[in-house]
Amino acid sequence: MIRQFLTISPFVGHLGMRLVDLTPDHATLMLPFTPSIVTVGDVVHGGAISALVDTTAMASAWSMPETPATLRGTTVALSVDFVTAACAQDLTAAGRVIRRGRSLCFCEVEVRDASGQVVAIGLVTYKLG
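Read in order, the letters of the sequence shown correspond to residues 4 to 132 in my numbering.
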């Protein structure tokens, strides 16, 4: 289900995000570099990185074996620590569910540039249903 959502979401498509891997409680997405996501020069805008963190956490939360009764969800909390600037490179985000409750999923996301350097770390609380 989440694979289909990611391919038809206008926002995900606008940023060009692509699903790399999806397993239970884990998701990996890639944000390709394009000049339309920079803030100044070749530095990727923090909002684009935050969107990648949020979308990766959402995919991780939905990557469970059973389909929930209600196909609704929302981000409840999002924090992103920017470790270093991401300059003119594709970014890859790896997310995992740290804890899954009845309706809340607590997720951790690490964003790396093409050289493997960590550029951001995010914590996301996502509500299913």
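Glycine included, every Cβ here is placed at the ideal spot set by N, Cα and C. Quantities reported herein were computed from a predicted structural model and do not represent experimental measurements.
Cβ neighbour criterion (16 or more within 10 Å) applied to residue i
i: Gly104; result: exposed
i: Ser66; result: buried
i: Ser63; result: buried
i: Ala80; result: exposed
i: Asp116; result: buried
i: Val114; result: buried
i: Thr31; result: buried
i: Val23; result: exposed
i: Cys90; result: exposed
Between the CA atoms of residue j and residue i - distance to the nearest angstrom
i: Val56; j: Val121; result: 13 Å
i: Asp45; j: Leu18; result: 16 Å
i: Ser106; j: Phe8; result: 20 Å
i: Lys130; j: Thr42; result: 30 Å
i: Ile40; j: Val47; result: 6 Å
i: Ala51; j: Thr26; result: 24 Å
i: Ala60; j: Ser118; result: 22 Å
i: Pro68; j: Leu74; result: 14 Å
i: Phe36; j: Arg102; result: 31 Å
i: Ile124; j: Leu94; result: 12 Å
i: Arg6; j: Gly16; result: 13 Å
i: Asp84; j: Cys108; result: 19 Å
i: Pro13; j: Pro38; result: 19 Å
Cβ distance (whole Å) where residue i is taken to contact residue j below 8 Å
i: Val100; j: Val112; result: Contact flag wrong, Cβ pair sits at about 11 Å.
i: Gly76; j: His29; result: In fact, because the Cβ distance is near 17 Å, the residues do not count as touching under 8 Å.
i: Met33; j: Thr58; result: So it is not a contact: roughly 11 Å between Cβ atoms.
#### Entry: Secondary structure, alpha helix (DSSP H): runs of 4+ residues fully inside the stretch 49-119
Correct list: 49-65.
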